[in-house]
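S.K.:
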Amino acid sequence: MGSRNSKDKAVDLDLFVSLLNNYSNYDVCLTSECFQIAADISSHLNQKNEPCDNFFRSTCEEFKVKYDSYHRHYVSPFTQVEDAIALQLKDLLEKELKEKEPDFIAMIKGLYNSCMDEKSIENEDSNPLRNVLKYLGGWPILEEEKWDKSSFDWIDTLIKMRNLGYNHNIFMGLSVKVDQRNKSSNILWLDQPSLGIDGKYLIRDANDSTKNAYRALMVKAMYQLKSNDTLFLKPAEDLKKHILHDTLDFESKIANINWFKYIQGLANTEIKEYEYLIIDDLDFVKDLSHLIAQTDKSLIANYMIWRVVQESLPLLSKPWRTLNLRSKQEPEVSEWQPRWKQCLSYLKDTFEVAINSYYVRRYFPEENKQIAREIYDYIYIELLNAIDRSHWMDYETKIIARDKLNLTNEGYFDKALKVRKWSTNNYFSNVRKPNIGQE
C-alpha cells in the first residue's frame, strides 16, 4: 500500500472525530494504572511509520528493538511480565530475613545467597564435582583401568544420582501424576527420558551443528577434568574422543531390567507390587531393556556420568559455566546473563512451589485472591452448565464429569501456600534439585 495524500488524511481525521463523538458517552478509565498501561502500549509503537504501509513495524518494532538486546528464545508481551516478576523475586530474596517468616523462606534465601557467593564458588572450582564423581564410582573414560566394572550397577548409580539431587530421568521418565480416571488419587507414570539435548538433534547425522556442539562440550569437559586444559587437545587422545562418540551414539539410541528395584529406588517411598503403572510408550521400554542388556557397562557408566557433569556445569566456577562458549581463539568470554538471574532461574526450576508460595504471600493481598476466586467461580459454573447442556454425554457420564470437576476445587493460591520439605548439604548441592521427601 502506497503513501497517502493529504485528502485521505483529512477524511481519516473526520472519521476519527465522528467516532470520538459517538463514543464520548462511554466511561473512560482515568486511573494511574490505566495511564501506565496506555504509556506502555504507546512506548512500543513506532509512530514514524504509517500503519497501512507496514503494520508490524508500526506496532511492534519498538518492542522488538527494546528486547532484542537480551538473549532470549522469544519475546512477547509476557516478556515484560516475566521481567517484572523476576525483579520482584530478586527484591524479595535479597531482603533481610524477618524473625517470623516461615522456615522455607529462610531456606530459599540461604540457597540464593550461596549461589550468589561467587568468591567461594571460584575458590572451590571443580572440587564439588570431583567429589560427586568419586562417590558415583568415577568416570570410566578418566579412570581407565582403575574403573571397577564388576561393582557397577546402573540402577544403583541412578538411585545415588537421584539422592544427590541430579536428574534421574535419563533413561526413561518416571513421575507421579493424577489418575485421570480418579482425580482423587495419583498413579506412577513411565515415559520417554529427558536427554542432554532435544532428541530431534541426537538422531540427526554427524554433521548437524547442534549435535557437534554437544559432542564438543563432552570433549571439553573431559579434558577440563583430566588436565584443566580444554583448548589444546592432543592427537594421542583420539581414542578418548572415540569413546565419547560412542557415548553420544548410546544416548541417541535411548529413545532384563529390575523394574521394581528401579521404581522403588527412584520414587523414594514405599511402592507395593500391586500399584498401578501407566506406560506411555511400551515399545520404547522394550527397546530400552534390550539396549541396556547388550551394551557394555563402561559405556552405560560413561553416559550416566556425562549427564552428571553436564548438569553440574552451571553450578561451578566461571571457566566451567562458560565451557561451551570458550575456544582456543577466544579463551575468555562473558556470561550471557547476570548472576542473579542465573541463581533465580535455578531456584525457580528447583523450588517452584516454595518460590511461588513466597511470591503469593508478598504480592497477592487477600482482595486480589478473592477476585481470582470469583473468576474461577464464573468459569466453574459455566463448565457445569456446559456439562448439563451437552448432548453427547449420557446421564452417568455427566455425573462422572461433574465429580471430576468438583475435585479441582482447591484454588491455586491455596496450593501455593503449601510448601514441601527438603534437605540440603553445601552451596554446590544446595542449588541442585534436593531429595524431596513426603509432603
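For the sequence shown, my numbering assigns the number 356 to the initial residue and increments by one for each residue that follows.
Built from N, CA and C at the ideal position, the CB exists for glycine as well.
#1: Do Gln697 and Pro674 have their beta-carbon atoms positioned less than 8 Å apart in this structure?
#2: Straight-line CA distance for Glu405 to Tyr556?
#3: Give me the Cβ distance between Met516 and Leu488, rounded to the nearest whole Å; I'm assuming they're in contact under 8 Å.
#4: In chain order, what are the residue ranges of uninterrupted alpha helix (DSSP H) at least 4 long that sit wholly in the segment 428-501?
#5: Here's the rule I'm using: 16 or more other beta-carbon atoms within 10 Å means buried, otherwise exposed. How should Thr705 be labelled?
#6: Would you check if the distance between the CB atom of Lys445 and the CB atom of Trp695 is smaller than 8 Å?
#7: In terms of residue numbering, what span does the alpha helix (DSSP H) encompassing Phe390 cover?
#8: Under DSSP, the alpha helix (DSSP H) around His645 begins and ends at which residues?
#9: Output the boundary residues of the alpha helix (DSSP H) element that contains Lys504.
#10: Is Leu452 near Ala461, with beta carbons less than 8 Å apart?
#11: Can the beta-carbon of Leu654 be found closer than 8 Å to that of Gln579?
#12: For a quick check, are the C-beta atoms of Met573 and Trp494 less than 8 Å apart?
#13: What residue does the alpha helix (DSSP H) around Ser700 start on, and which one ends it?
#14: Just to confirm before moving on: does the CB-CB distance between Pro548 and Asn524 stay below 8 Å?
#15: Quick check on Ile542: does DSSP put it in helix, strand or coil?
#16: Spatial neighbours of Leu702 within its chain, please: CB distance less than 7 Å, with the 5 preceding and 5 following residues excluded, ordered by chain position.
#17: Run through DSSP, which three-state label would Leu739 get?
#18: If you reduce the DSSP assignment to three classes, tell me which class Ser530 lands in.
#19: With DSSP run on the structure shown, which of helix, strand or coil describes Asp382?
#20: With distance defined between alpha-carbon atoms, name the residue in Ile558, Tyr718, Asp642, Ile754 nearest to Met527.
#21: Please list the terminal residues of the continuous alpha helix (DSSP H) segment that includes Ile754.
#22: Relative to the alpha-carbon of Gln402, which residue among Asp480, Leu497, Asp458, Glu417 has its alpha-carbon at the smallest distance?
#23: Drop a sphere of 10 angstroms on the beta-carbon of Ser475, count the other beta-carbons inside from all chains shown, and report buried for 16 or more, exposed for fewer.
#24: CA-CA distance, His504 and Thr752?
#25: If we call anything under 8 Å between Cβ atoms a contact, is Tyr664 one with Ala576?
#26: For Ser644, which option in Phe433, Met471, Ile510, Cys384 has the closest C-alpha, if you only look at C-alpha atoms?
#27: Does DSSP put Cys407 in a helix, a strand or coil?
#28: Does the distance from the C-beta atom of Glu666 to that of Tyr569 stay below 8 Å?
#29: In its own chain, which residues sit with a C-beta less than 8 Å from the C-beta of Glu477, not counting the 5 before and 5 after it?
#30: Please classify Leu484 as buried or exposed, where buried requires at least 16 other C-beta atoms within 10 Å of its C-beta.
#31: Cβ of Arg757 within 8 Å of Cβ of Leu739?
#32: Is DSSP giving Arg717 helix, strand or coil here?
#33: For a quick check, are the C-beta atoms of Val430 and Lys419 less than 8 Å apart?
#34: Count the other CB atoms, across all protein chains shown, that sit within 10 Å of the CB of Ile496; report buried if there are 16 or more and exposed otherwise.
M.R.: So, from the listed chains and residues:
#1: no
#2: 42 Å
#3: No, Met516 and Leu488 are not in contact; Cβ-Cβ is about 11 Å, not under 8 Å.
#4: 432-449, 458-471, 473-479, 482-490, 495-498
#5: Counting the other Cβ atoms within 10 Å of the Cβ of Thr705 gives 16 or more, which makes it buried.
#6: Yes, they are a contact pair.
#7: Note, Phe390: alpha helix (DSSP H), 387-398.
#8: 637-649
#9: No alpha helix (DSSP H) holds Lys504; DSSP gives it neither H nor E.
#10: yes
#11: Contact flag unset, no.
#12: no
#13: 694-705
#14: yes
#15: Here Ile542 sits in strand by DSSP.
#16: Ile463, Leu466, Tyr467, Ile710
#17: In the structure shown, the three-state DSSP call for Leu739 is helix.
#18: strand
#19: coil
#20: That would be Asp642, whose Cα lies nearest to the Cα of Met527.
#21: 750-761
#22: Glu417
#23: exposed
#24: Before going on, a small fix: residue 504 reads as Lys here, not His. Looking at the backbone, the Cα of Lys504 and that of Thr752 are separated by about 56 Å.
#25: In the sequence on display, residue 664 carries Val and not Tyr. Cβ distance < 8 Å, so Val664 and Ala576 count as in contact.
#26: Ile510
#27: coil
#28: No, the Cβ-Cβ distance between Glu666 and Tyr569 is not below 8 Å.
#29: Ser672, Lys673
#30: buried
#31: yes
#32: helix
#33: In this structure, Val430 places its C-beta atom within 8 Å of the C-beta atom of Lys419.
#34: buried
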